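I have placed the structure first, in the form of structure tokens, so that the comments after it can refer back to it.
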Amino acid sequence: VDAAAEREFTEFVIARTHALMRVAYALTGGDQYAAEDLLQAALAKAFARWPHIRGDAEPYLKKIIYHDYVSWWRRWRHRRETPVEFLPEPASPTVPTDHSDLRLVLREALASLPPRQRAVLVLRYLEDLSTDEVAALLGCRPGTVASQANRALAKLRTQFVEASQQTADTTTIGAGQ
Amino acid sequence: MDRLDSQLREVVHELAGQARSADLVAGALRQGRRRVHARRVAVAFTAGVAAVALVAVPALALRGGRPPADALSGGASARPSTSPTAHLSQPASDPTPTLTTGPLALPGGWIVGSATELNTNDEAGTGWVYDRGSRTYVKVPYTEVIPSPTGQYALVFDGVRARYGVLDIAHRTVTWPSIPTGKSGAYSAPAWSPDGRTFAVLSLPKYGTFSVYVIDAVTGQRRQLGLDWSRDYCSDFCFVSWYDSSTLALPHADPGSKANAPAYNGMHLFSAATGVPKGTVDLPGSYASPANWSPDHRYVVLATPESLPPVDNRIGVYDTQSHRVVGYLPGQSGAIDALAVFWCADDQMLITSATTVSLVGLDGVTIHQYPMPLEFSTEQWVILVKQ
């Protein structure tokens, strides 16, 4: 990597860090430090290959980020927390009372998904990619993407419906008082 | 588009929009330069080995094949390696093994005990575990396989339901012990006791204090240890390990460090039976398991704070006599793995990575690399056990 390439890389990082941070931040469930770590590691990998990257480097960076996120989580899970099947119970008295609370429930539910499922949803809802595009980026079959998305949405839907019901109940009680 | 769809889209965009800007230029350049340097060293080393292979391989063929595995360890009296050329008399390449040729033997009496695909497209996961009874590797549908030290059981992780089970390898049966997680739904990975009869796990409630459980692999009975969490135990990146057969260890977090970037200064020890504190081990970093100590207990492989995943690769070999780091381990991105270092002599260890097992000296120089079986066509998480 010569001086010119290093300068070009630096300009790219300065210009695109925030856009890439958005992806890393959403993937890590809003953990700023983990997002910075994830992105910095991806940038370092890209730097090592910078002379060989042709055209727009951003898609390449995103691919590294998604791959690293999924494989890193699996490899280093035993050093970190492992989310389990069941979602956190909201601590009393944070029963959702309006739409902002519903979004909070949804956000927590999203954060509790296994990494590949979360990656699929982020690609679909943040990046607006099709099933085929997600499959190509993650390096798996479209059918796998579809089933991961279905599983993830089913979990979120359960939480969302329960929270919506609680909101409705709260509203009714409030209206009767 | 239904209501969940629209709300989820809002949530994801709202979440992404909360990301703060960060200046990552200097860090990315520093880390990237190190990757370039490491690759150059690896290329140079490979070229050197290839040149010697012209001499070494015919000599091996004349002797009738691969040398005894233990002969590669250098023995307890071997001196620390000082340069890549010091060990070029090692065979340059081993015949690529397969899973059908019995246990994959390595120096120091180690064998490949399990392997798990890191980037499988299979939702359930794919792993292999060695069955001592049949002397074969058994394919299992899990995303993690952690064999016990005795090789009788393996902890398996069901990636679909996110739970750990105990696989009885000989009988091919799995039991799923209950691990309380409070209201958080999170726990650290389990660690086998040295006798392979129990495992410890750290439950990480979102509300309230952490809990350490010791669970019997056969009966599933669990014991919760009463720990005084007012002490300076770990915060993030917390994990429990066995110091010896009756003692557990937790990282000691420097109270002055940030919660999200904790600095560790050794380990807290406590009784695996009662949770009563048994003292501390002062080290300039944290170690992941007792396996990180050399057999003579002079050296220990440490993860320094900046090496916590997934940032850096500063895994040092710390000399407890001279109180300095004598070398840094080569290779992989990320931090030290609790199950990635396997000492085979006082001055040599095996390091597992995604594609190979490497014999490494105290100075971190790779002495020899052992290829993984043909069946491991993708990156694997490999765990070694004693033969």
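So the sequence lines, in the order shown, correspond to chains A and B.
Reading the first sequence from the start, the letters are residues 1 to 177 in the numbering used here.
Reading the second sequence from the start, the letters are residues 178 to 564 in the numbering used here.
Ideal placement from N, C-alpha and C gives every residue a C-beta, glycine not left out.
It should be emphasised that the depicted structure is a prediction, and the values quoted were computed from it without experimental measurement.
Is the CB of B/Q184 under 7 Å away from at least one CB in chain A? yes
B/T350 (DSSP reduced to helix, strand or coil): strand
For A/I53, return the contacting residues in chain D, with the cut-off set at a CB-CB distance below 8 Å. Looking for chain D here will not work: the only protein chains present are A and B.
Roughly how many angstroms separate the alpha carbons of A/A4 and B/G328, rounded to a whole number? 54 Å
If I'm right that A/A146 touches A/T131 with Cβ under 8 Å, what's the distance once you round it to whole angstroms? 6 Å
Along chain A, which residues have their Cβ under 9 Å away from the Cβ of B/G452? Here the premise fails: no neighbours, minimum Cβ distance about 21 Å.
So which residues on chain B does A/V120 lean against when the C-beta distance must stay under 7 Å? Result: empty, since nearest Cβ-Cβ is about 11 Å, beyond 7 Å.
Sequence-distant residues of its chain with Cβ nearer than 8 Å to A/L110 (five each side left out): G29, R118, L121 and L156
Along the chain, where does the beta strand (DSSP E) that runs through B/G290 open and close? W287 to E294
Out of curiosity, what's the CA-to-CA distance linking B/R210 and B/L201? 14 Å
Just the chain A side, please: which residues come within less than 9 Å of B/T204 by C-beta, in chain order? Strictly speaking, residue 204 of chain B in this sequence is Gly, with Thr absent from that position. Within 9 Å Cβ-Cβ: E36, Q40, L43 and A44.
Along the beta strand (DSSP E) that carries B/A449, what are the first and last residues, could you check? Element bounds for B/A449: n/a, residue is neither H nor E.
What is the DSSP secondary structure of B/Y319, reduced to helix, strand or coil? coil
Would you mind working out which of B/A331, B/Y341 and B/S355 sits nearest B/H348, comparing C-alpha positions? B/A331
Cα separation between B/Q564 and B/G286? 6 Å
Give me the chain B residues within the contact set of A/L137, using Cβ-Cβ distance strictly less than 8 Å, ordered along the chain. Correct list: empty, because the minimum Cβ distance to chain B is about 13 Å.
So which residues on chain A does B/S291 lean against when the C-beta distance must stay under 8 Å? Near B/S291 there are no residues of chain A at all, since even the closest Cβ is about 13 Å away, more than 8 Å.
In three-state terms, what does DSSP make of B/T543? strand
Would you verify that the beta carbon of A/V13 is, or is not, closer than 7 Å to some beta carbon of chain B? yes
Of the listed residues B/V453, B/S355, B/L185 and B/G456, nearest to A/V161 (C-alpha basis): B/L185
Apart from the five residues on each side of it in sequence, which residues of its chain come closer than 6 Å, Cβ to Cβ, to A/W76? Confidence is the limiting factor: at A/W76 the pLDDT is only 41, short of 50, which leaves the residue's position unreliable, though a coordinate-based value still follows. Correct list: empty, nothing qualifies.
Going by C-alpha distance, which of B/V478, B/L281, B/H545 and B/V317 is nearest B/D345? B/V317
Measuring straight from C-alpha to C-alpha, what distance separates A/L129 and B/T313? 43 Å
Mind pulling the chain B residues with CB within less than 9 Å of A/V23? A193 and A196
Quick one: using the 10 Å Cβ neighbour count with 16 as the cut-off for buried, is B/D459 buried or exposed? exposed
Could you confirm whether any beta carbon from chain A is found closer than 7 Å to the beta carbon of B/L402? no
Can you give me the Cβ contacts of A/K45 inside the same chain, cut-off strictly under 6 Å, excluding the 5 residues immediately before and after it? I64
Considering only C-alpha positions, which residue in the set B/S423, B/G504, B/W558 and B/W520 is nearest to B/L283? B/W520
Assumed close pair A/E58, A/R16 - CB separation to whole angstroms, cut-off 8 Å: 6 Å
Once DSSP output is grouped into helix, strand and coil, what is the label at B/A517? coil
Among B/V378, B/R207, B/V289 and B/L181, whose alpha-carbon lies nearest the alpha-carbon of B/Y547? B/V289
Name the residue from B/T350, B/D473, B/V417 and B/V322 whose alpha carbon lies nearest to the alpha carbon of B/V389. B/V417
Does chain A have any CB closer than 7 Å to the CB of B/L283? no
On a Cα-Cα basis, can you pick out the residue from B/T424, B/T277 and B/T293 that is closest to B/S311? B/T277
With a threshold of 16 other CB atoms inside 10 Å of the CB of B/T146, please say whether the residue is buried or exposed. No statement about residue 146 of chain B is possible, as the shown extent of chain B runs from 178 to 564 and does not include it.
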